[in-house]
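Mapping of the sequence shown onto our numbering: residues 55 to 187, in sequence order.
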Amino acid sequence: SGEWPSNGEVDIMEYYKDSILANFAFAAQKRYNAIWDVNKVSIDSLGGKKWADQFHVWTLLWDENQMQIFVDDLLLNSIDLNKTINKSDGKNPFRQPHYLLLNLAMGGNRGGKLDNTDLPSMYFIDYVRIYQK
55 SGEWPSNGEV DIMEYYKDSI LANFAFAAQK RYNAIWDVNK VSIDSLGGKK
105 WADQFHVWTL LWDENQMQIF VDDLLLNSID LNKTINKSDG KNPFRQPHYL
155 LLNLAMGGNR GGKLDNTDLP SMYFIDYVRI YQK
């Protein structure tokens, strides 16, 4: 509950100019400003175009102590939940229920320039599984 970023944000897969990002965000002191914990991995380091053309398994493990983001069992980022306290209100946004949002945003400052040769394009999601202990 609450407004962004005091309600927390977890990006298990975000594409950014030939890289993927694994991000966690929570509130800074100033309204609408986030404290980001980011790890950026180049697509080339994962295998380049061949890797980008294959299906992959993305995983978020979230327990009372930490969150970890993986792709194909490779740890991309982790965060200690004892350190994710909002500077604005002193609450921990990751100690409350969250919802899942699947989004395809194209172009812009972060996605890079689009032209007609990029379209049409496909975005495949084979499955989403959620487990809870």
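C-beta: ideal position from N, C-alpha, C; glycine also.
Membership of residue 105 in the alpha helix (DSSP H) is indicated by the continuous run 102 to 106. Within the same chain, and ignoring the five residues on either side of residue 117 in sequence, no residue has its Cβ closer than 7 Å to its Cβ. Here residue 99 carries a helix assignment [DSSP, helix/strand/coil]. In the displayed model, residue 65 falls within a strand according to three-state DSSP. The continuous alpha helix (DSSP H) containing residue 163 extends over residues 162 to 165. Taking C-beta separations shorter than 8 Å and ignoring five residues to either side along the sequence, the partners of residue 119 in its chain run 134, 135, 136, following chain order.
By the C-beta density criterion, residue 179 is exposed, having fewer than 16 other C-beta atoms within 10 angstroms.
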